[in-house]
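Here the structure comes first, spelled out in structure tokens, and everything after it is commentary.
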Amino acid sequence: MSWTDERVETLKKMWGEGQSASQIAKELGGVTRNAVIGKVHRLGLSNRAASGTAANPPAAKPEPKPKPEPKPKAAAKAEKPEMKTEAATPAKPTLPARKQIIPAGQPLPPQPSANEISPEALAKVNEVEKKAKRIGLMDLTERTCKWPVGDPATEDFWFCGLPVKQGKPYCEAHVGVAFQPMSARRDRRR
DNA sequence: CCCTGATTCGC
DNA sequence: GCGAATCAGG
Numbered sequence: 018m019s020w021t022d023e024r025v026e027t028l029k030k031m032w033g034e035g036q037s038a039s040q041i042a043k044e045l046g047g048v049t050r051n052a053v054i055g056k057v058h059r060l061g062l063s064n065r066a067a068s069g070t071a072a073n074p075p076a077a078k079p080e081p082k083p084k085p086e087p088k089p090k091a092a093a094k095a096e097k098p099e100m101k102t103e104a105a106t107p108a109k110p111t112l113p114a115r116k117q118i119i120p121a122g123q124p125l126p127p128q129p130s131a132n133e134i135s136p137e138a139l140a141k142v143n144e145v146e147k148k149a150k151r152i153g154l155m156d157l158t159e160r161t162c163k164w165p166v167g168d169p170a171t172e173d174f175w176f177c178g179l180p181v182k183q184g185k186p187y188c189e190a191h192v193g194v195a196f197q198p199m200s201a202r203r204d205r206r207r
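Going letter by letter, the first sequence gives residues 18 to 207 in the numbering used here.
Here is the structure:
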């Protein structure tokens with residue numbers, strides 16, 4: 018793939034909209050986020066306002082930075098910065114979403130009531146639940162999907178456990194059914 | 001671990 | 001000009 022006018026245009030547009038390099042790369046296809054970033058720089062449209070990272074407001078780049086020469090190559094990597102700041106997470110005592118603790122056999126009332134969720138999203142969830150890690154409450158971490166599956170009062174209860182969609186408590190698929198846009202949720206039918 | 005953008009440098 | 005590898009940070 019090469020940087021055709023069209024592709025560059027899309028790149029500019031998306032970058033302007035604040036899309037991440039990886040998203041842009043995904044959209045364009047055939048390129049990696051590195052390629053996108055590289056192009057962005059070459060085009061000179063780098064710093065998108067004062068972003069959270071790479072702060073360099075005024076003049077502050079007189080660091081020639083000779084050459085760290087940080088490549089011992091074949092040397093074993095027995096070095097670990099290890100900036101462990103956060104201790105282990107002791108598992109959450111409460112369920113992340115939806116109240117539960119309902120005796121088995123009872124008609125589960127709310128639950129992510131299907132029916133008014135986009136069919137596509139539901140289908141996706143069904144697929145995903147086949148590959149789910151099926152982890153237990155104690156195995157939940159910041160990056161595991163916390164979507165509960167099954168009846169908590171039964172042995173047949175587990176959490177999705179797939180990688181979360183960064184920031185969100187659920188994986189891609191479950192985010193889809195968990196956070197429905199108001200617009201899509203309201204009055205589907207018709 | 002996941003992700004971000006920034007830089008370098010052989011091609 | 002290009003972008004993988006690397007770096008630096010969240």
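In this text, a Cβ means the ideal position worked out from N, Cα and C, and glycines have one as well.
_Let me check understanding here. Comparing Cα to Cα, which of Val194, Val57, Phe176 lies closest to Ile152?_
When only C-alpha atoms are compared, the closest one is Phe176.
_Once DSSP output is grouped into helix, strand and coil, what is the label at Val48?_
In the three-state DSSP reduction, Val48 falls in the coil class, being neither helix nor strand.
_Completely contained beta strand (DSSP E) runs for the segment 136 to 183, where each covers 3 or more residues_ = Fully enclosed beta strand (DSSP E) runs of 3 or longer: 165 to 167, 174 to 176.
_Candidates Glu144, Asn64, Glu189, Val145, of which the one nearest Gly35 by Cα_ = Of Glu144, Asn64, Glu189, Val145, the smallest CA-CA separation from Gly35 is found for Asn64.
_Tell me which residues share the same chain as Met31 and place their Cβ nearer than 8 Å to its Cβ, disregarding the 5 neighbours each side in the sequence._
So the list reads Gln40, Ile41, Glu44, once near-sequence residues are dropped.
*Using the rule of at least 16 other Cβ atoms within 10 Å of the residue's Cβ for burial, across every protein chain shown, is Arg11 buried or exposed?*
This structure gives no information on residue 11, because the portion of the chain shown stretches from 18 to 207.
*Alpha carbon to alpha carbon, what distance is there between Gly33 and Gly61?*
Straight across, the Cα-Cα distance linking Gly61 with Gly33 is about 13 Å.
*Within 10 angstroms of the Cβ of Pro186, are there 16 or more other Cβ atoms? Answer buried if so, exposed if not.*
Label assigned to Pro186: buried.
*Contact set for Lys29: own chain, Cβ-Cβ below 8 Å, skip 5 residues either direction*: Closer than 8 Å at Cβ, skipping near neighbours: Leu60, Leu62.
*From Thr161, Val192, Lys163, Pro180, pick the residue whose C-alpha is nearest to that of Leu139; which is it?*
Ranking Thr161, Val192, Lys163, Pro180 by CA distance to the CA of Leu139 puts Val192 first.
*Pairwise C-alpha distance: Trp20 and Val48*: If you take the alpha carbons of Val48 and Trp20, they lie about 10 Å apart.
*What's the call for Thr161, buried or exposed, on a 16-neighbour Cβ count within 10 Å?*
By the neighbour-count criterion, in which 16 or more other beta carbons inside 10 Å mark a residue as buried, Thr161 falls on the buried side.
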